[in-house]
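Step one of this worksheet: look at the structure below.
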Amino acid sequence: DGGITQSPKYLFRKEGQNVTLSCEQNLNHDAMYWYRQDPGQGLRLIYYSQIVNDFQKGDIAEGYSVSREKKESFPLTVTSAQKNPTAFYLCASSNDRAEQYFGPGTRLTVT
Amino acid sequence: AQSVSQHNHHVILSEAASLELGCNYSYGGTVNLFWYVQYPGQHLQLLLKYFSGDPLVKGIKGFEAEFIKSKFSFNLRKPSVQWSDTAEYFCAVNAQDRAGTALIFGKGTTLSVSS
Numbered sequence: 028d029g030g031i032t033q034s035p036k037y038l039f040r041k042e043g044q045n046v047t048l049s050c051e052q053n054l055n056h057d058a059m060y061w062y063r064q065d066p067g068q069g070l071r072l073i074y075y076s077q078i079v080n081d082f083q084k085g086d087i088a089e090g091y092s093v094s095r096e097k098k099e100s101f102p103l104t105v106t107s108a109q110k111n112p113t114a115f116y117l118c119a120s121s122n123d124r125a126e127q128y129f130g131p132g133t134r135l136t137v138t
Numbered sequence: 041a042q043s044v045s046q047h048n049h050h051v052i053l054s055e056a057a058s059l060e061l062g063c064n065y066s067y068g069g070t071v072n073l074f075w076y077v078q079y080p081g082q083h084l085q086l087l088l089k090y091f092s093g094d095p096l097v098k099g100i101k102g103f104e105a106e107f108i109k110s111k112f113s114f115n116l117r118k119p120s121v122q123w124s125d126t127a128e129y130f131c132a133v134n135a136q137d138r139a140g141t142a143l144i145f146g147k148g149t150t151l152s153v154s155s
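Residue numbers (the working numbering), protein chains in the order written: chain A, 28 to 138; chain B, 41 to 155.
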């Protein structure tokens, strides 16, 4: 079954800790994306990667980091520098610049 | 910079009512346009898309959207909504001439349908 998996579904962390969110796809897509969803804000782009070993900052990259060592994997690290990390995080992939496919999301709560 | 505006934050309808959700974008070049839907507890999924050609596009579950280039609009319509259409709807755009550009999303419209 082709798709995007994100784990875990819910994640809880203490303030000051870094946390890494997993995103894996078996769609053989070149491009992958991370978005953050907050109520009333829509989806905002954090980082994206068009190809292995390359990635670009999105609109709200501060306090986040990513890596793209394999085509199928695009993990996102939420660092302690992110001032308001509690949110719903969505990973997506696409095989061209158009239609994107989304994972189920990870809800991160930092207290 | 590109942006997307969805005019309705929350729409409440009765079953069988007609639906139109507004979406306007700002970008001077050629764009790809999308409507995504997020049902409660489910993945974000594609409703319909416009790349080129016929400006009236049909999607899943009886939804359609019309691209009006002169108005920079891509409004979503459904002639008769059902209770199961209760969800959050997002309009999104990316630019055809900017390789690798991610989608720009509107802030979303919550649709509540009462039976």
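Virtual Cβ for every residue (Gly too), placed ideally from N, Cα, C.
Chain-ordered neighbours of residue i on chain B, where CB pairs are closer than 8 Å
i                : result
Ala88 of chain A : Correct list: empty, because the minimum Cβ distance to chain B is about 12 Å.
Residues bridged to residue i [DSSP beta-bridge criterion]
i                 : result
Tyr67 of chain B  : For Tyr67 of chain B, which the question treats as bridged, DSSP gives no partner whatsoever.
Glu51 of chain A  : A:Thr32 and A:Ser100
Asn134 of chain B : B:Asn72
Ala58 of chain A  : A:Ser121
Ile73 of chain A  : The partner list for Ile73 of chain A (beta bridge, DSSP) is empty, contrary to what the question assumes.
Glu128 of chain B : B:Gln78 and B:Thr150
Glu60 of chain B  : B:Arg117
Arg63 of chain A  : A:Arg71 and A:Tyr116
Cutoff 8 Å: residue i Cβ touching any chain A Cβ
i                 : result
Phe130 of chain B : yes
Val146 of chain B : According to the sequence as given, residue 146 of chain B is Gly; it is not Val. Closer than 8 Å to some Cβ of chain A, the Cβ of Gly146 of chain B qualifies, so yes.
Lys109 of chain B : no
Beta-carbon neighbours of residue i, restricted to chain B and to distances below 7 Å
i                 : result
Gln68 of chain A  : Lys147
Pro131 of chain A : His83
Contact list for residue i against chain A, beta-carbon separation under 7 Å
i                : result
Asn72 of chain B : Ala125
8 Å CB neighbourhood of residue i in its chain, flanking five on each side removed
i                : result
Lys36 of chain A : Pro131, Gly132, Thr133 and Arg134
Pro80 of chain B : Thr126 and Ala127
Beta-carbon proximity list for residue i, same chain, < 6 Å, skipping 5 on both sides
i                : result
Leu53 of chain B : Val121 and Val153
Asn64 of chain B : Ser45, Phe112 and Ser113
Ser58 of chain B : Pro119
Arg40 of chain A : Val46 and Val137
Neighbour flag for residue i against chain B, beta carbons, 8 Å
i                : result
Tyr91 of chain A : no
Leu72 of chain A : yes
Same chain, Cβ closer than 7 Å to residue i, neighbours up to 5 away in sequence not counted
i                : result
Ser66 of chain B : Gln42, Ser43 and Phe112
Check your understanding: What residues in the segment 104-119 of chain A have a beta carbon less than 9 Å from any beta carbon of chain B?
Key -> Using a CB distance below 9 Å, the part of the segment 104-119 of chain A facing chain B consists of Leu117 and Ala119, ordered along the chain.
Check your understanding: Listed from N- to C-terminal order along the chain, which residues in the segment 71-99 of chain B have their beta-carbon within a distance smaller than 9 Å of any beta-carbon of chain A?
Key -> Asn72, Phe74, Tyr76, Gln78, Gln82, His83, Leu84, Gln85, Leu86, Lys89 and Phe91
Check your understanding: Given a limit of 7 Å on CB to CB distance, which residues of the segment 42-64 of chain A reach chain B?
Key -> Ala58 and Tyr60
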